[in-house]
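Chemist: Counting with the working numbering, you get residues 22 to 537 for the letters of the sequence shown. Shown below is the structure under consideration.
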Amino acid sequence: MQRLRFLNAPSRHSEPIPFTLQAVDYTLQSYRQQTNSLFVFLTLTLLCAGISSASDGKGADQQYNVLFIISDDLTANALSCYGNQVCQTPNIDAIADSGVRFTRAYCQGTYCGPSRASFMTGYYPHAIGVLGYSNPRPQIGNRPTWSQHFKNNGYYAARVSKIFHMGVPGGIEKGDDGSDDERSWTERFNSQGPEWKALGTGETLENNPDGKKPAVGGNTFVVVEADGDDLVHSDGKTAAKAVELIQQHRDEPFWLGVGFVRPHVPFVAPRSYYEPFLPYESMQLPKRMSDDWNDIPKAGINYKTSLNMKMDIRRQKKAIGGYYASVSYMDAQVGKVMRALEDNHLKEKTIVIFTSDHGYHLGEHDFWAKVSLRDESAGVPLIVAVPGKKPAVCNSLVELLDLYPTIASLCGLKIPNNIQGKDISALIDDPAASVRKAAFSVAPMRKGFLLREDRWAYIQYGEDADAGIELFDTESDPQQFHNLASSAPHQTIVERFKQDMADKLARVRDNDLKTP
Numbered sequence: 022m023q024r025l026r027f028l029n030a031p032s033r034h035s036e037p038i039p040f041t042l043q044a045v046d047y048t049l050q051s052y053r054q055q056t057n058s059l060f061v062f063l064t065l066t067l068l069c070a071g072i073s074s075a076s077d078g079k080g081a082d083q084q085y086n087v088l089f090i091i092s093d094d095l096t097a098n099a100l101s102c103y104g105n106q107v108c109q110t111p112n113i114d115a116i117a118d119s120g121v122r123f124t125r126a127y128c129q130g131t132y133c134g135p136s137r138a139s140f141m142t143g144y145y146p147h148a149i150g151v152l153g154y155s156n157p158r159p160q161i162g163n164r165p166t167w168s169q170h171f172k173n174n175g176y177y178a179a180r181v182s183k184i185f186h187m188g189v190p191g192g193i194e195k196g197d198d199g200s201d202d203e204r205s206w207t208e209r210f211n212s213q214g215p216e217w218k219a220l221g222t223g224e225t226l227e228n229n230p231d232g233k234k235p236a237v238g239g240n241t242f243v244v245v246e247a248d249g250d251d252l253v254h255s256d257g258k259t260a261a262k263a264v265e266l267i268q269q270h271r272d273e274p275f276w277l278g279v280g281f282v283r284p285h286v287p288f289v290a291p292r293s294y295y296e297p298f299l300p301y302e303s304m305q306l307p308k309r310m311s312d313d314w315n316d317i318p319k320a321g322i323n324y325k326t327s328l329n330m331k332m333d334i335r336r337q338k339k340a341i342g343g344y345y346a347s348v349s350y351m352d353a354q355v356g357k358v359m360r361a362l363e364d365n366h367l368k369e370k371t372i373v374i375f376t377s378d379h380g381y382h383l384g385e386h387d388f389w390a391k392v393s394l395r396d397e398s399a400g401v402p403l404i405v406a407v408p409g410k411k412p413a414v415c416n417s418l419v420e421l422l423d424l425y426p427t428i429a430s431l432c433g434l435k436i437p438n439n440i441q442g443k444d445i446s447a448l449i450d451d452p453a454a455s456v457r458k459a460a461f462s463v464a465p466m467r468k469g470f471l472l473r474e475d476r477w478a479y480i481q482y483g484e485d486a487d488a489g490i491e492l493f494d495t496e497s498d499p500q501q502f503h504n505l506a507s508s509a510p511h512q513t514i515v516e517r518f519k520q521d522m523a524d525k526l527a528r529v530r531d532n533d534l535k536t537p
């Protein structure tokens, strides 16, 4: 009977085996020769049950869990699995070793609020009107968010810490819900922490040229080499709660969102995580060009630069060291959550996603932080590990918006109508395939829009490009130093992108949200 079940009830890793009437008849004849009619009847009953279970592609025992791990303000360039030789991230690397690592994944908004509202609802920021930090529920009405869709289909859905927008450091200090959507969860948990007020050695790097300013809060570059262990801080508490929830809900399907806030400023971590990056003078700044800003519009100059932050070379190098220490601390917490999957024998039942809400500049073009539409800011790390699937590297263009429909598809759930992301599950099996011609991202605070193709990166400021254009040939100029937008030989390409952008914006807004 075990062999019969193996033949007729496919594992979660394979497609259902097609059965025909001829196959059933052949089985019947074979069994008639070996046993009595009662046994034949029981056998066929089980066979038909297997066919029925397989008909929808997902039997009762085939529900994947979903573990969605997201870091805050993380550039792929800081991860060793993406090539960093200084900052080692063995736990995130281990996910990449068992999953598909996407090298050209892009967020849909280059700061927290619009990005998170977008990938959780399945709509572009301009489609739902979330261009800042608001809760998306008023815009989407009764439409289910990503986790809510799973909750509606029998999953336990929970978040720990930051999934929708939550203020850092302010919201973490208070332990509040931020712009969270209550309907998205069965349960939700916040992870309060001291942030920049943590005991230890702190220094404000931004707008502190004379060194007299103490460590301060807010969206400010501050490094704190903190006293105490991992559990003093928000991310340590987040990992501990996630471990607890995995153990408590291991016998039911779950969608668990684990939101780490590091390496978002302030750069705070226990002292031990700083040791690999000392002395800070050993940190290397990225390659720069003295006239780098001369050929780009004013809107293309990031809101944080070494110049306006008054950060000298020493402070810039310390900022990189502090960022890397925060990444290392976050990576250690990822390891604790992943070990909980293994300890509870859930690794082969759980889809694991690791990503960030957007990227981050660490001195490239003399830019720092997010908001920019260059690859360092608009690009994100993205790893998707599906049980039974081969590890791979995928260079196809994808968007964070694609996660909702893709994971729903992989779990056998119907994709809600009008979702604007694409199902990229085909790339899990065939990383060389292509789903998108271009990735689309926005920087609402400067009315910036990006279309990122395989070769070209096109950025325009203003819907009519009235505040300027940038065009980069990323094959010959991968670091995007030379803006070709005013180059005569490239005007045909510029005009084509202007039309493509107009078409894209029209499609983004062409949604059914007016009907609740």
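Backbone N, C-alpha and C fix where the C-beta goes; we use that ideal spot for every residue, glycine too.
(1) Would you mind sorting T376 into buried or exposed? The rule is 16 or more other CB atoms within 10 Å of its CB.
(2) Within the chosen definition, does the stretch 140-159 reach the stretch 447-454 through at least 3 CB pairs nearer than 8 Å?
(3) Give me the residue from V279, D524, N365, W477 with the minimum Cα distance to P499.
(4) When the Cα of S155 is compared with those of A117, D198, K435, G433, which residue comes out closest?
(5) Have a look at G342 and T326 and give me their C-alpha separation to the nearest angstrom.
(6) Can you give the Cα-Cα distance for V107 and G162, rounded to whole angstroms?
(7) Put A126 into one of helix, strand or coil per three-state DSSP.
(8) Using a Cβ-Cβ cutoff of less than 8 Å, which residues in the same chain neighbour L526 once the five nearest sequence positions on both sides are dropped?
(9) Kindly indicate the opening and closing residues of the alpha helix (DSSP H) around P291.
(10) Classify Q50: buried if its beta carbon has 16 or more other beta carbons within 10 angstroms, exposed otherwise.
(11) Look up E484 in the DSSP assignment and say whether it is helix, strand or coil.
(12) Could you say which of E208, W217, V151, I440 lies nearest to I193 if we only look at CA atoms?
(13) Less than 9 Å between the beta carbons of N211 and G232, yes or no?
(14) Mark A509 as exposed unless 16 or more other C-beta atoms lie within 10 angstroms of its C-beta, in which case mark it buried.
(15) Here's the rule: buried if 16 or more other CB atoms are within 10 angstroms of the residue's CB, otherwise exposed. What is G280?
(16) If you count every other CB in all the chains shown that lies within 10 Å of the CB of M310, and 16 or more means buried, which is it?
(17) May I ask you to check if the CB of R158 is nearer than 8 Å to at least one heavy atom of the ligand GDP?
(18) Considering only residues of the same chain and omitting the five flanking positions on each side of L65, which have a CB-CB separation below 6 Å?
(19) By the three-class DSSP mapping on this structure, what secondary structure does C563 have?
(20) Three or more C-beta pairs closer than 8 Å, one from the stretch 314-333 and one from the stretch 484-496: is that the case here?
(21) Could you pull out every residue in the same chain whose Cβ sits closer than 7 Å to the Cβ of A261, ignoring the five residues on either side in sequence?
(22) Taking N173 as the reference, give the member of P274, E296, G400, I334 with the closest Cα.
(23) The beta strand (DSSP E) that contains Y144, what's its start and end?
(24) Do the CB positions of A236 and W206 come within less than 9 Å of each other?
(25) Relative to the C-alpha of F288, which candidate in G249, S347, V151, P297 has its C-alpha closest?
(26) How far does the beta strand (DSSP E) with T376 in it extend, from its first residue to its last?
(27) Hey, how far is the Cα of V243 from the Cα of R467?
(28) As a quick exercise: from G214, K331, P307, pick the residue whose alpha carbon is nearest that of P230.
(29) Could you tell me which residues DSSP puts in a beta bridge with R209?
(30) Can you give the beta carbon distance from V414 to T96, rounded, assuming they're within the 8 Å contact cut?
(31) Closer than 6 Å by C-beta to D531: which residues in its own chain qualify, once you throw out the five before and the five after it? Chain order, please.
(32) Let me know the beta strand (DSSP E) ranges lying completely inside the stretch 254-322, each 3 residues or longer, listed in chain order.
(33) Does the Cβ of S92 have 16 or more other Cβ atoms within 10 Å, making it buried, or fewer, making it exposed?
(34) Residues in its own chain within less than 7 Å of Y19 by CB, not counting five upstream and five downstream?
(35) What separation, rounded to the nearest whole angstrom, lies between the Cα atoms of D557 and F388?
(36) For V151, which residues of its own chain have a beta-carbon under 6 Å away from its beta-carbon, when the five flanking residues on both sides are left out?
Modeler: Answer, in terms of the structure:
(1) Note on T376: 16 or more other CB atoms within 10 angstroms of its CB, so buried under the neighbour-count rule.
(2) Too few Cβ pairs lie closer than 8 Å, so no.
(3) Minimum Cα distance to P499 is reached at W477.
(4) For the residues A117, D198, K435, G433, the minimum Cα distance to S155 belongs to D198.
(5) Counting only the Cα atoms, T326 lies some 17 Å from G342.
(6) Between the alpha carbons of V107 and G162 lies a gap of roughly 46 Å.
(7) Strand, per DSSP.
(8) Excluding sequence neighbours, L526 sits near H147, F470, E484.
(9) Unbroken run through P291 is the beta strand (DSSP E), 288-291; no alpha helix (DSSP H).
(10) Its pLDDT being 42, under 50, Q50 is placed unreliably in this model, and the value from its coordinates should be taken loosely. So Q50 counts as exposed.
(11) The three-state secondary structure of E484, taken from DSSP, is coil.
(12) Minimum Cα distance to I193 is reached at W217.
(13) No, these two residues do not count as a Cβ contact at 9 Å.
(14) Taking a 10 Å sphere around the C-beta of A509, we find fewer than 16 other C-beta atoms and assign the residue as exposed.
(15) G280 should be labelled buried.
(16) Burial call: exposed.
(17) Only the bare structure without any ligand can be found here, which leaves the ligand GDP out of the picture.
(18) Residue placement at L65 cannot be trusted, given a pLDDT of 35 that sits under 50; what the coordinates show is reported in the next sentence. Excluding the 5 residues flanking it on each side, L65 has no same chain C-beta neighbour closer than 6 Å.
(19) For the chain, the structure presents residues 22 to 537; residue 563 sits outside this window and is missing.
(20) A contact exists between the stretch 314-333 and the stretch 484-496.
(21) Only L252 meet the Cβ criterion.
(22) Proximity to N173 across P274, E296, G400, I334 peaks at P274, based on C-alpha coordinates.
(23) Looking at the DSSP string, Y144 is not in any beta strand (DSSP E), and its letter there is neither H nor E.
(24) Cβ atoms of A236 and W206: not closer than 9 Å.
(25) The candidate whose alpha carbon is nearest that of F288 is S347.
(26) Note, T376: beta strand (DSSP E), 371-377.
(27) Distance between the alpha carbons of V243 and R467 is about 25 Å.
(28) Of G214, K331, P307, the residue nearest in Cα terms is K331.
(29) Answer by DSSP bridge pairing, in chain order: R180.
(30) About 18 Å; that fails the 8 Å criterion.
(31) Around D531: no qualifying Cβ.
(32) Counting only runs of 3 or more, we get 275-280, 288-291.
(33) Counting Cβ neighbours within 10 Å, S92 comes out buried, since at least 16 surround it.
(34) Beyond the ends of the chain as shown, which are 22 and 537, falls residue 19; an answer cannot be given.
(35) There is simply no residue 557 to check, as the chain begins at 22 and stops at 537 in what is shown.
(36) Here V151 has P135, A138, P157 as same chain residues with Cβ atoms under 6 Å from its own Cβ, once five neighbours each way along the sequence are excluded.
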